[in-house]
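Everything on this sheet refers to the single structure shown next.
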Amino acid sequence: MGGEKAKSKAMKIAVAMEGVSSVSVGKDNDQLEVIGEGVDSVCLAKSLRKKFCFADIVSVQEVKPKPEQKPLPPPCLPPCDYQPRWSAIQHEFPVYDTGPPNCAIT
Numbered sequence: 020m021g022g023e024k025a026k027s028k029a030m031k032i033a034v035a036m037e038g039v040s041s042v043s044v045g046k047d048n049d050q051l052e053v054i055g056e057g058v059d060s061v062c063l064a065k066s067l068r069k070k071f072c073f074a075d076i077v078s079v080q081e082v083k084p085k086p087e088q089k090p091l092p093p094p095c096l097p098p099c100d101y102q103p104r105w106s107a108i109q110h111e112f113p114v115y116d117t118g119p120p121n122c123a124i125t
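Everything in the sequence shown is counted per this note's numbering, starting at 20 for the first residue and increasing by one.
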């Protein structure tokens, strides 16, 4: 293809065809990639030849749909290992008896 103007004209011709769903410029900027359902490739090539005097069909392929990926299940969490922690509680009791001690050391 010549320049940007020629690319846009070729894309307009391809988009005008029946059944075309998308048109893009190929790898080397000299090919059109036409995707669609029920596209007449011979009629498309003739339409491009009328405008550009040269057009070839490189390949015709069936577009296969990509297989849908099933969503992965959420990962299993490890079981909760809960061990209660016991705190050391100290209870203080008041002493009311202040009498003489039971032992006497002399």
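Even for Gly, the Cβ is constructed at its ideal location relative to N, Cα and C. Values in this document were obtained by computation on a predicted structure and should not be read as measured data.
Of all the options the options, which has the alpha carbon lying nearest to the alpha carbon of residue i?
i     : options                    : result
Met36 : Glu81, Ala74, Ile76, Ser66 : Ser66
Asp75 : Ser60, Tyr101, Val82       : Ser60
For residue i, which three-state DSSP category applies?
i     : result
Val61 : helix
Val34 : helix
Leu96 : coil
Leu91 : coil
Ser78 : coil
Assuming contact is defined by CB atoms lying nearer than 8 angstroms, are residue i and residue j in contact in what I supplied?
i     : j     : result
Ala29 : Phe71 : yes
Leu51 : Ala64 : no
Gly13 : Ser40 : As shown, the chain starts at 20 and ends at 125. That puts residue 13 outside it, with no answer to give.
Val44 : Val53 : no
Would you tell me roughly how many angstroms separate the C-alpha atoms of residue i and residue j, rounded to the nearest one?
i      : j      : result
Phe112 : Tyr101 : 34 angstroms
Pro93  : Cys99  : 17 angstroms
Ser78  : Ser27  : 21 angstroms
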